[in-house]
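Notes follow once the structure below has been shown.
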Amino acid sequence: MATPKKSCTLDPMPTPLVVGCIDILLPVITNIINLSLHTGSFADQWKCALVHPLLKKLGLDLIFQSFRPVSNLQYIPKLTEKAVFSQTHEHMFVNEIYPDLQSSYRQHHSTETALLKVMNDVLLKMNSQLVTFLVLLNLSAAFDTVVHNILLERLRRDVGIRGKVLDWFSSYLSIRSPQVSIDGSLSRQFPLGCGVPQGSCLGPLLFVIYTSSLFKVTERHLPQVHCFAGDTQLILSYRADEDNAQDVALRAMKECIRDIRNWLIDGLGSSSTNLAP
Numbered sequence: 000m001a002t003p004k005k006s007c008t009l010d011p012m013p014t015p016l017v018v019g020c021i022d023i024l025l026p027v028i029t030n031i032i033n034l035s036l037h038t039g040s041f042a043d044q045w046k047c048a049l050v051h052p053l054l055k056k057l058g059l060d061l062i063f064q065s066f067r068p069v070s071n072l073q074y075i076p077k078l079t080e081k082a083v084f085s086q087t088h089e090h091m092f093v094n095e096i097y098p099d100l101q102s103s104y105r106q107h108h109s110t111e112t113a114l115l116k117v118m119n120d121v122l123l124k125m126n127s128q129l130v131t132f133l134v135l136l137n138l139s140a141a142f143d144t145v146v147h148n149i150l151l152e153r154l155r156r157d158v159g160i161r162g163k164v165l166d167w168f169s170s171y172l173s174i175r176s177p178q179v180s181i182d183g184s185l186s187r188q189f190p191l192g193c194g195v196p197q198g199s200c201l202g203p204l205l206f207v208i209y210t211s212s213l214f215k216v217t218e219r220h221l222p223q224v225h226c227f228a229g230d231t232q233l234i235l236s237y238r239a240d241e242d243n244a245q246d247v248a249l250r251a252m253k254e255c256i257r258d259i260r261n262w263l264i265d266g267l268g269s270s271s272t273n274l275a276p
């Protein structure tokens, strides 16, 4: 007799059931979450997600590139992620680990504040009679670019996460097996060897940690760079009345873009050996 295929369709503890019985289930849920953190393990059954392709914005053509893969996660794993997110965020905030000019996925850092910051910087340069180069870069399928072993090294080296906590993140990232759901039809489960789930609260934080080394690349060429998730704004100003100022600025911008390209090819900075001097 063939073994039935596993499916992500049923949450063993649906949200309405948990909320309706919260007085009874809360101690059990707390013990489950604490056990996950204490053992440094994220259960394999929690790693199966239903992926719903959603259009990035209305009016786009119905082609593969126009969709964002949003994961529908089980309720108890989401609570566990939230507990880890809260502690990791607090650690990063208190120890000033967040990049100053990464405006995403935290309070008071929104698309509005990012836009105001970039516009204000450009207008101030104009007011000082400076010409400004502004280059906008976008990382396609940003969350899918995360290489797990590089992310784990970032967590260890840059965030100071080690021991059981690092084991938990390693377990959380490994052996993920989502299914795609379209109009009620399900794909087979498939292994996912890279990326972080879109739709989770922890995925965006891990992406910010993963890409934080970008600022070390750009600071070698530019006085300022701003990021919002996978979008990067490179800014460089110069005085038009100075000899060769435009050529110098243009060369610096080109060298910065070249090093960013090398950084991306090299797995988002897994090694600095391929960066041009």
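Going by numbering that gives the first Met the number 0, the first residue of the sequence shown is number 0, and it counts up by one from there.
The beta carbon of each residue, even a glycine, is placed where N, CA and C say it ideally should be.
Query, Result
"8 Å contact criterion, which L172 and H147 should meet: CB distance rounded", "5 Å"
"Test item: CB-CB of Q101 and C226 under 9 Å", "yes"
"Stretch-stretch touch, CB-based, cutoff 8 Å, three pairs: the segment 135-151 with the segment 185-197", "yes"
"As assigned by DSSP and simplified to three states, the class of N137", "strand"
"Neighbourhood of A239 by C-beta distance below 6 Å, restricted to the same chain and skipping five residues each side", "V130"
"Of the residues H220, H88, E95, the one placed nearest L204, counting alpha carbons only", "H88"
"Beta-carbon separation (whole angstroms), Q223 vs I234, contact threshold 8 Å", "5 Å"
"Sheet register partners of N71 (DSSP bridge)", "L49"
"Residues near L133 in its chain [Cβ-Cβ closer than 8 Å; skip 5 each side]", "V117, V121, Q232, L233, I234"
"When A48, A140, S139 are compared against P177, the one with the closest alpha-carbon", "A48"
"Assigned secondary structure, C255 (DSSP; H/G/I helix, E/B strand, else coil)", "helix"
"Backbone CA spacing between S186 and K253 [nearest angstrom]", "44 Å"
"Opening and closing residue of the beta strand (DSSP E) in which D230 lies", "230-237"
"Neighbour-count burial assignment, E80, 16 or more Cβ in a 10 Å radius", "buried"
"Cβ neighbour criterion (16 or more within 10 Å) applied to V216", "buried"
"Beta-carbon spacing of G229, S139 below 9 Å", "yes"
"Cβ separation of W262 and L221, assumed to be a contact under 8 Å, to the nearest whole Å", "Actually they do not touch by this definition, with Cβ atoms about 14 Å apart."
"Paired residues, beta bridge with C226 - DSSP", "Q101, T231"
"Close beta carbons around S65, own chain, < 7 Å, minus the five adjacent residues each side", "L54, K55, L59"
"Own chain, CB closer than 6 Å to P98, minus 5 neighbours either side, in chain order", "S211, F214"
"Residue range of the unbroken alpha helix (DSSP H) whose run includes S35", "21-38"
"Residue range of the unbroken beta strand (DSSP E) whose run includes V216", "Looking at the DSSP string, V216 is not in any beta strand (DSSP E); the run it does join, the alpha helix (DSSP H), is 213-217."
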